[in-house]
Amino acid sequence: MAVDDATITEVQLGGRRGGPDVATLRTDKWWKLPVTTVAVLSAFIVYATWAAFFGTSNFFYEAHNLLSPFYSPCLGSICKTQGVTSSPFLGWWQLSPALIILVFPLGFRMTCYYYRKAYYRSFWRSPVACAVQDAHSTYSGETRAPLILQNIHRYFFYFGLVFNVLLTIDAVQAFIWPGGGVHMSVGTLVLCLNASLLWLYSLSCHACRHLCGGQVRNFSKHPIRHKLWKFVTPLNAKHMQFAWMSLIVVAMTDVYVRLVASGTITDFKIF
Amino acid sequence: MADLTMRIWRGDQDGGELVDYEIDSQEGEVVLDVIHRLQATQAPDLACRWNCKAGKCGSCSAEINGMPRLMCMTRMDQLPEGPITITPMRTFPIIRDLVTDVSFNFEMAKRVPAFNPPAMPEGGYRMQQIDVERGQEFRKCIECFMCQNVCHVIRDHEENKVNYAGPRFFIRYAELEMHPLDTNDRRELVREKMGLGLCNITKCCTEVCPEHIKITDNAIIPLKERAVDAHYDPVAWLGRKITRRTKRSAAEAAADRP
Chain S
2 MAVDDATITE VQLGGRRGGP DVATLRTDKW WKLPVTTVAV LSAFIVYATW AAFFGTSNFF
62 YEAHNLLSPF YSPCLGSICK TQGVTSSPFL GWWQLSPALI ILVFPLGFRM TCYYYRKAYY
122 RSFWRSPVAC AVQDAHSTYS GETRAPLILQ NIHRYFFYFG LVFNVLLTID AVQAFIWPGG
182 GVHMSVGTLV LCLNASLLWL YSLSCHACRH LCGGQVRNFS KHPIRHKLWK FVTPLNAKHM
242 QFAWMSLIVV AMTDVYVRLV ASGTITDFKI F
Chain D
6 MADLTMRIWR GDQDGGELVD YEIDSQEGEV VLDVIHRLQA TQAPDLACRW NCKAGKCGSC
66 SAEINGMPRL MCMTRMDQLP EGPITITPMR TFPIIRDLVT DVSFNFEMAK RVPAFNPPAM
126 PEGGYRMQQI DVERGQEFRK CIECFMCQNV CHVIRDHEEN KVNYAGPRFF IRYAELEMHP
186 LDTNDRRELV REKMGLGLCN ITKCCTEVCP EHIKITDNAI IPLKERAVDA HYDPVAWLGR
246 KITRRTKRSA AEAAADRP
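If you're matching them up, the sequences are chains S and D in order. Following this note's numbering, the numbering of the first sequence begins with 2 at its first residue and continues without gaps. Following this note's numbering, the numbering of the second sequence begins with 6 at its first residue and continues without gaps.
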């Protein structure tokens, strides 16, 4: 790793810069995207907080075996009161199970490379758009606590896979009547769509791409990892789309389950 | 009657201002053509750097209506109505008018540890096509330095220039790190002294790249993940301790021995 010190000279700081001293000279509507991001993410945060803290009823529709993704796996004493039979853990937990569960998907999304871009731009305004002045006078990036913790993204990715498996099991179980037999309703399709999008979001993750094969120097000596890398690379190019779609669909799935569980709408049966 | 207003920053280290020039528009022109017509007709002392007029030399980088773009690749008919503002790249010290001093980039280039292959085996080096392809994208860089210019880490925080390689050199580090014949391990260097952690992946470098290199997705994020492998991942650290592996494989270390 030798750097030829003889050729290195100090970077000269200072010197007047060209152009007028204004925050930006951009004339396009660069603020549209950050405003939209703030609106959608804020709406999701408000809804998820309500669902986690106050939406402790109607998260399970027993007649069609539909469980909200915010409450899966259903942990704690509240599950029995809602009729969820598969709640083997944490029977002593009196609060909303969502408080335990949401930490992991939330951590996965908070440390996600795409969402980092979205909230650094939109919420932290660092910078709010390209060639628009940073809103902060000092900047240390992700070199210090707490932002240095973004480097544990891959561990949230691992946890996220566990939740994807659990939500896939929920989607499969939704095809089975509580009394036996198989059925399909709009609700089962909604759960399938939710699980599929979460898988796509996870598999398109940059950490996944790296762990599949991105970390090797020599593809030709690791043909299986190269194939895995080639499989996830096109997905990775769509990571932003999967991030938004999965976020919106997971909230809509929760809304759907609550609406059918509360009797507001009927879960239309296909067969 | 002139139907086009070009608002161009004129000045040097002593200061400057935006100056309006009225000129006729002509069909099929790019911004650099209009600049040249202004030099020929109204402002013979207007300084601008250019060379190929084909988007391949990376000389004519400037900020057009506030966004970093190559003047030779920006068609006049694709710009919105109204005055067109042309300013020099904001991140680098001004020399004159649209010409900036980009020597910061050459200093950072010197700091990249060179390609270091193992001793030549009998029959020469061999690389498979799939390994060659991986780095091809990074070789498209024309060094226009617009990614460096738009990066807020140094654009808005001058003090970070001391230890920040910037997107252009992150793709160089990534290319070398992904090279199957290279034996250097630059992960700690790029994390500790080249400011990889300062990048908050807001992707402006990718947005402005005229060669459409996926700088963030294919170079910076893979480098960040490699830095996690080398420095932050506790399981990887434990694995290295148990297997007594250094961050470089035995084969790589051996290749350095005389």
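Don't be surprised by glycine CBs; every beta carbon is placed ideally from N, CA and C. Here the structure is a predicted model, which is why all the values come from computation and not from measurement.
{"Asked": "Proximity test, Cβ basis, 8 angstroms: Y237/D and chain S", "Found": "yes"}
{"Asked": "Own chain, CB closer than 6 angstroms to A208/S, minus 5 neighbours either side, in chain order", "Found": "H154, R155, F158"}
{"Asked": "Residues that DSSP places opposite T105/D in a beta bridge", "Found": "I99/D"}
{"Asked": "Any non-hydrogen atom of the ligand FAD within 7 angstroms of N168/D CB", "Found": "Ligands displayed in this structure: none; no statement on the ligand FAD is therefore possible."}
{"Asked": "Neighbour list for K166/D in chain S, Cβ cutoff strictly below 7 angstroms", "Found": "V12, L14"}
{"Asked": "8 angstroms contact criterion, which F243/S and S205/S should meet: CB distance rounded", "Found": "5 angstroms"}
{"Asked": "Sequence-distant residues of its chain with Cβ nearer than 7 angstroms to N56/D (five each side left out)", "Found": "C62, S64"}
{"Asked": "A260/D at chain S interface by Cβ criterion, 8 angstroms", "Found": "Any reading at A260/D needs caution, since the residue's pLDDT is 45, under 50, leaving its predicted position unreliable; the model's value is listed next. No, because no Cβ of chain S sits closer than 8 angstroms to the Cβ of A260/D."}
{"Asked": "Rounded straight-line distance, which links the Cα of Y62/S to that of T267/S", "Found": "11 angstroms"}
{"Asked": "Neighbouring residues, chain D, relative to R117/S (Cβ below 9 angstroms)", "Found": "N205, I206, T207"}
{"Asked": "Inter-residue spacing [alpha-carbon to alpha-carbon] between Q44/D and M125/D", "Found": "54 angstroms"}
{"Asked": "Extent of the continuous alpha helix (DSSP H) to which L194/D belongs", "Found": "192-197"}
{"Asked": "CB contact below 8 angstroms: E63/S versus chain D", "Found": "no"}
{"Asked": "8 angstroms contact criterion, which L51/D and I69/D should meet: CB distance rounded", "Found": "The Cβ separation is near 15 angstroms, so there is no contact."}
{"Asked": "Test: V35/D CB closer than 8 angstroms to a CB of chain S", "Found": "no"}
{"Asked": "Residue from K81/S, A119/S, M253/S with nearest C-alpha to T37/S", "Found": "A119/S"}
{"Asked": "Beta-carbon neighbours of L248/S, restricted to chain D and to distances below 7 angstroms", "Found": "Here the premise fails: no neighbours, minimum Cβ distance about 18 angstroms."}
{"Asked": "Q95/S to L76/S span [Cα, whole Å]", "Found": "10 angstroms"}
{"Asked": "8 angstroms contact criterion, which L203/D and T144/S should meet: CB distance rounded", "Found": "6 angstroms"}
{"Asked": "F143/D at chain S interface by Cβ criterion, 8 angstroms", "Found": "no"}
{"Asked": "Separation of T25/S from I13/D, as counted between CA atoms", "Found": "15 angstroms"}
{"Asked": "Buried versus exposed, by CB contacts within 10 Å (16 or more), I79/S", "Found": "buried"}
{"Asked": "With 16 other Cβ atoms within 10 Å as the buried cut-off, status of D29/D", "Found": "exposed"}
{"Asked": "Buried or exposed (CB count within 10 angstroms, at least 16 for buried), H211/S", "Found": "buried"}
{"Asked": "Spatially closest choice to P239/D from K239/S, L198/S, L150/S, A238/S, by CA coordinates", "Found": "L150/S"}
{"Asked": "Cross-chain neighbours of N70/D in chain S, by beta carbon under 7 angstroms", "Found": "L26, R27, T28"}
{"Asked": "Separation of I218/D from I271/S, as counted between CA atoms", "Found": "47 angstroms"}
{"Asked": "Supposed contact pair V195/D and A241/D - C-beta distance, whole angstroms, cut 8 angstroms", "Found": "So it is not a contact: roughly 17 angstroms between Cβ atoms."}
{"Asked": "Any C-beta of chain S under 8 angstroms from that of T46/D", "Found": "no"}
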